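Colleague: My questions all concern the structure below.
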Amino acid sequence: MEKGKLVEFRVNGEPRLGVVDRPEGKKDWIVIDNDGHSHKLRPQRIDYEVPGGSYSSNDIPQFLQEIQDYLDPSSLEVAWELLIEDGEAVTPADMANFLYSEETAQLCYAAHRLLSEDKIYFKKKGEKYEPRSPSQVEEIKHQLEVEKQRQQEKEIFFEHIQQALAGETVEWSQSDRTRLDSLEKFVLHPEQNHRNAQDLLKELGQATTAEAAFELLVALKWWSPNENLFLKRSSYPLNFPQKVLDVSSSYLQTLPPDADSDRLDLTHLKVYTIDDESTKEIDDGLSVEYLDDERVKLWIHIADPTRLVTPGDELDLEARKRSTTLYLPTGMISMFPVELATGPMSLRQGELCAALSFGVVLDSEGAVADFSIHASVIKPTYRLTYHDVDEMLQLGITAESELAVLAEAAKKRHKWRQSQGSITIKMPEAIIKVKSEEEIIIELLETSISRQLVAEMMILAGEVAGTYCRENGIPVPFRGQPQPELPSDEELLLLPAGPVRACALRRCMPRSEMGTLPSRHASLGLNNYTQVTSPIRRYTDLLTHFQLKAHLRGDELPFPLDVMQQILYSVTLSAQEASFVERQTNRYWGLEFLRRNADQVWQGLVLRWLREDEGLGVILLEELGLELPHRFERSVSLGDRLNVQVSRADPHRDEIRFREMLEHETMINN
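Quick note: the sequence shown uses my numbering, first residue 140, plus one each step.
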């Protein structure tokens, strides 16, 4: 380089002209730009030397002005179309001569600028630029168009964000939804890499945290403030595939042929279905038949969805994927399309219904003396609630004497199971219902004759099904529970009666197990047991139905032992995940209820210790049936009662803090 030479170099990636002033040391040069600023540069940093002339920094503005009219990128396309035939590389001087028929310093520099900034037609190779192939040019144009469209979509997305934040109604595009989906994933799985979501938040002026992403989604009304993150994190499908909906729609119009054409006609029996008022999937009914020898046959009728479902079909595979119906405070998410589950699959009052019916005769002690299982057709007579049945039994309505017979049989069954070592643990059980975002209701399930009646009949059906499958070597999802090591009577007597003692027993109970071989179920006091009474809402029950029905028809079993084992493995994992979602969702809404009622004083029962040496235990809010952690500020004993008030509740963080109320504070609050 020499003094007065006009050169191009880059500052922060941007091209800049400067005039060489003097050497600096052995390798560097001082270059002065048009603003008079000095830059110490090595020759390697020089991108281009303007040919000829000796310049001063004052000449630069005029020089740049003279080239402006020649910086038209479209001229390169014309040059490329002509030069591509020869495929020869060109220098900026060659391009100046080609484009402008001259090689002045200004025109050479203009050609250099066009070539160096071109991303489409030419690529630099040494000191020259060679034309790209037509296929390369086409691909680059496509990529640039995609990027341009992506940038336009992003700008529209930001406009939609501002409109939504201003309270306007926004029709989100598919590209908008993709970006919102990236924010969702950031909230749901913050431990993963979410560069795109964080970049979006940064461009929107938000903190680049999962909490900020959640708050933004709520502000956009894309999510509710109480969005079920547990459900969204799970693999449980929220919607049915279209092909499943198509099958459902078809069956609602016309039922498929019935594989059990010789169903036992039990339409002469009076059938009671007993459920909560809100229950829509009616999957069991009860009857009493008086035999000639003055014995009584109990009939447990179970809805038969296999009337519509075939092993391996669309409905079966979707139900297998879901494993269970989800019952959440905000509503039910059905294992089958809800129109089927609450329609032709259910035992609907006054309609002919397909069922799997268990006819059972008990001996004087309550053990099973005789039983039979039939694919049947029934006609439910009464749709009753638990409250209805309790009231009818209390009034002793003689016209429905069958209910009293069922209640007496249930009582006898309970005593018989106790004699077989069954273990009954009674703890308060809460049902949380979210009527709307503004209304949360927590109800305690009360132990009643009607609930015990239904529970005993369902257990009876499970015992009969388990016995039949064991005797006939049918692989089904048998339920078992290892024998627990319970505290001695002396140890239990040291604990306060009621929830504290029941909780101590509950903690000793092993998890129930499921396998293809029968095993004893300790808490039920049964040697053979399989769940069979909820095939509309529990897939393992449906599996038992498939196997039982095939055996009753004399057909080959649809699921041999090895296949059943494989299915059970996957279904068990799905069911555990669904159970976690239900449990965590109920806990969330329990904490949200307490947060909204932070001024309320609750009576807590000291239930058990977590870390007694630290004063950390669990209290039971008896009015709500909620068990929650609490750090005690004073010495307490199990079974003590204390009044507490919420001091902090954050459902999203799963945090709850209470403060103990002194007696005079409680009186003031009351």
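Yeah, the Cβ is synthetic: ideal placement off N, Cα and C, and Gly gets one too. What you are looking at is a predicted structure, and each value in this text was computed from that prediction instead of being measured.
(1) By the 10 Å Cβ neighbour count, where 16 or more other Cβ atoms means buried, how is Ile807 classified, buried or exposed?
(2) Is DSSP giving Asp793 helix, strand or coil here?
(3) Assign Glu753 to one of two classes, buried (16 or more other C-beta atoms within 10 Å of its C-beta) or exposed (fewer than that).
(4) Can you give me the Cβ contacts of Thr406 inside the same chain, cut-off strictly under 8 Å, excluding the 5 residues immediately before and after it?
(5) Apart from the five residues on each side of it in sequence, which residues of its chain come closer than 8 Å, Cβ to Cβ, to Phe698?
(6) Taking the beta strand (DSSP E) that Trp741 belongs to, which residues open and close that run?
(7) Please return the same chain residues whose Cβ sits closer than 8 Å to the Cβ of Ala346, not counting the five positions on each side in sequence.
(8) When burial is assigned at 16 or more other CB atoms within 10 Å of the CB, is Pro567 buried or exposed?
(9) Across the stretch 230 to 250 and the stretch 202 to 213, are there enough close Cβ pairs to call them in contact, namely three or more that are closer than 8 Å?
(10) Within 10 angstroms of the Cβ of Phe732, are there 16 or more other Cβ atoms? Answer buried if so, exposed if not.
(11) Since Ile758 and Leu744 should fall inside the 8 Å C-beta cutoff, what is the C-beta to C-beta distance between them, to a whole number of angstroms?
(12) Applying the criterion that 16 or more other CB atoms from any shown protein chain within 10 Å of the CB defines a buried residue, is Leu763 buried or exposed?
(13) Which whole-angstrom value describes the C-beta separation of Leu486 and Thr418, a residue pair presumed to lie in contact below a C-beta threshold of 8 Å?
(14) What runs of the beta strand (DSSP E), each 3 residues or longer, lie entirely inside the stretch 273 to 304?
(15) Taking Glu224 as the reference, which of Ala398, Arg271, Leu203 has the closest Cα?
(16) In chain order, which alpha helix (DSSP H) runs of at least 4 residues are fully inside the stretch 642 to 687?
(17) What residue ranges within the stretch 571 to 627 form continuous alpha helix (DSSP H) runs of no fewer than 4 residues, ordered along the chain?
(18) Beta-carbon within less than 8 Å of Lys262's beta-carbon, same chain only, minus the 5 sequence neighbours each way: which residues are those?
(19) Short of 6 Å in beta carbon distance, which residues of its chain neighbour Glu716, apart from the five on each side in sequence? Order them along the chain.
(20) Round the Cβ separation of Arg556 and Leu663 to the nearest angstrom and send it over; I've been treating them as touching at under 8 Å.
(21) Pick out whichever of Glu420, Leu599, Met800 has its Cα sitting closest to the Cα of Ala737.
(22) What do you reckon, is the C-beta of Gly498 under 6 Å from a heavy atom of the ligand MN?
(23) Going by other Cβ atoms of all chains shown within 10 Å of its Cβ, with 16 needed for buried, is Phe719 buried or exposed?
(24) Do Val410 and Ser426 have their C-beta atoms within less than 7 Å of each other?
(25) Comparing alpha-carbon positions, which option in Val217, Phe475, Leu656, Thr586 lies nearest Glu610?
(26) Per DSSP, Tyr268 is paired with what?
(27) DSSP puts Gln784 in a beta bridge; with which residues?
(28) To the nearest whole angstrom, what separates the beta carbons of Ser651 and Gly605, a pair I think is in contact under 8 Å?
(29) Considering only their Cβ atoms, is the gap separating Thr672 from Ile441 smaller than 7 Å?
(30) How far does the beta strand (DSSP E) with Trp168 in it extend, from its first residue to its last?
(31) Compute the distance between the beta-carbons of Pro468 and Trp748, then report whether it is under 7 Å.
(32) Please state whether DSSP places Asp529 in a helix, a strand or coil.
(33) Quick one: residues in its chain with C-beta nearer than 7 Å to the C-beta of Val544, no 5 flanking neighbours on either side, listed in chain order?
(34) Starting from the N-terminal side, write out each stretch of the beta strand (DSSP E) that is 3 residues or longer and does not extend beyond the stretch 403 to 485.
(35) For a test of the three-state rule: what should DSSP assign to Phe369, helix, strand or coil?
(36) Note down, in chain order, each residue of its chain lying with its Cβ closer than 7 Å to the Cβ of Asn332, except the 5 sequence neighbours on either side.
Modeller: With the given structure in hand:
(1) Numbered from 1 along the sequence shown, position 668 holds the residue referred to as residue 807. Caution applies to Ile807, whose pLDDT of 49 falls short of 50 and renders its modelled position unreliable; the model cannot decide the point.
(2) As a position in the sequence shown, residue 793 is number 654, starting the count at 1. Looking at Asp793 - three-state DSSP - the assignment turns out to be coil, as it is neither helix nor strand.
(3) On the sequence shown, residue 753 is found 614 positions in, with the first residue counted as 1. Per the 10 Å Cβ criterion, exposed.
(4) If you number the sequence shown from 1, residue 406 lands on position 267. Result list for Thr406: Leu491, Val516, Ile517, Lys518, in chain order.
(5) The sequence position of residue 698 within the sequence shown is 559, counting from 1. Counting only Cβ-Cβ distances below 8 Å, and skipping sequence neighbours, we find Pro450, Pro614, Leu682, Phe685, Gln686, Ile706.
(6) As a first step, residue 741 must be located in the sequence shown, where it is residue number 602. Unbroken beta strand (DSSP E) run through Trp741: 740 to 750.
(7) Residue mapping note: residue 346 aligns to position 207 of the sequence shown, counting from 1. Closer than 8 Å at Cβ, skipping near neighbours: Leu340.
(8) Here residue 567 refers to the residue found at position 428 of the sequence shown. Counting Cβ neighbours within 10 Å, Pro567 comes out buried, since at least 16 surround it.
(9) yes
(10) For the purposes of this step, residue 732 is identified with residue 593 of the sequence shown, where counting begins at 1. Buried, by the Cβ-count rule.
(11) Counting from one through the sequence shown, the residue named residue 758 turns up at place 619. Counting from one through the sequence shown, the residue named residue 744 turns up at place 605. Indeed, because the Cβ distance is near 6 Å, the residues count as touching under 8 Å.
(12) As a working note, residue 763 is residue 624 in the sequence shown. By the 10 Å Cβ count, Leu763 comes out buried.
(13) Locating residue 486 in the sequence shown gives position 347, where the first residue counts as 1. Locating residue 418 in the sequence shown gives position 279, where the first residue counts as 1. In fact, because the Cβ distance is near 11 Å, the residues do not count as touching under 8 Å.
(14) none
(15) Taking the sequence shown and counting its residues from 1, the one referred to as residue 224 is at position 85. Considering only alpha carbons, the answer is Arg271.
(16) none
(17) 588 to 610
(18) For the purposes of this step, residue 262 is taken as residue 123 along the sequence shown, with counting starting at 1. So the list reads Tyr268, Glu269, Arg271, once near-sequence residues are dropped.
(19) Position 577 of the sequence shown, counting from 1, holds the residue named residue 716. Result list for Glu716: Ser373, in chain order.
(20) Locating residue 556 in the sequence shown gives position 417, counting from the first residue. Locating residue 663 in the sequence shown gives position 524, counting from the first residue. About 7 Å separates the two Cβ atoms, so the contact holds.
(21) Numbered from 1 along the sequence shown, position 598 holds the residue referred to as residue 737. Looking at the Cα atoms, Met800 is the closest of the given residues.
(22) Absent from the structure shown: the ligand MN. Ligands present: none.
(23) Counting from one through the sequence shown, the residue named residue 719 turns up at place 580. Answer is exposed; the Cβ neighbour count stays below 16.
(24) What you label residue 410 is simply residue 271 of the sequence shown in a count that begins at 1. What you label residue 426 is simply residue 287 of the sequence shown in a count that begins at 1. In contact: Val410 and Ser426 (Cβ atoms closer than 7 Å).
(25) On the sequence shown, position 471 is the one that residue 610 refers to. Checking every option, the nearest Cα to that of Glu610 belongs to Leu656.
(26) Here residue 268 refers to the residue found at position 129 of the sequence shown. Answer is Val229, Lys263, bridged to Tyr268.
(27) On the sequence shown, residue 784 is found 645 positions in, with the first residue counted as 1. BP columns for Gln784 point to Val740, Arg798.
(28) Within the sequence shown, the letter at position 512 stands for residue 651. Within the sequence shown, the letter at position 466 stands for residue 605. About 13 Å; that fails the 8 Å criterion.
(29) Along the sequence shown, read from residue 1 onward, the residue named residue 441 stands at position 302. Along the sequence shown, read from residue 1 onward, the residue named residue 672 stands at position 533. In this structure, Thr672 lies closer than 7 Å to Ile441 by Cβ.
(30) Against the sequence shown, residue 168 aligns to sequence position 29. 167 to 172 is the extent of the beta strand (DSSP E) around Trp168.
(31) Indexing the sequence shown from 1 puts residue 468 at position 329. Indexing the sequence shown from 1 puts residue 748 at position 609. No, Cβ-Cβ distance for Pro468 and Trp748 is not below 7 Å.
(32) As a first step, residue 529 must be located in the sequence shown, where it is residue number 390. Helix, per DSSP.
(33) Sequence index remark: in the sequence shown, residue 544 carries index 405 (1-based). Here the set comprises Val427, Val435.
(34) 411 to 414, 423 to 429, 435 to 442, 465 to 467, 470 to 472
(35) Residue 369 sits at position 230 when you count from the first residue of the sequence shown. Correct three-state label for Phe369: helix.
(36) Here residue 332 corresponds to residue number 193 of the sequence shown, with the count starting at 1. Contacts found: none.
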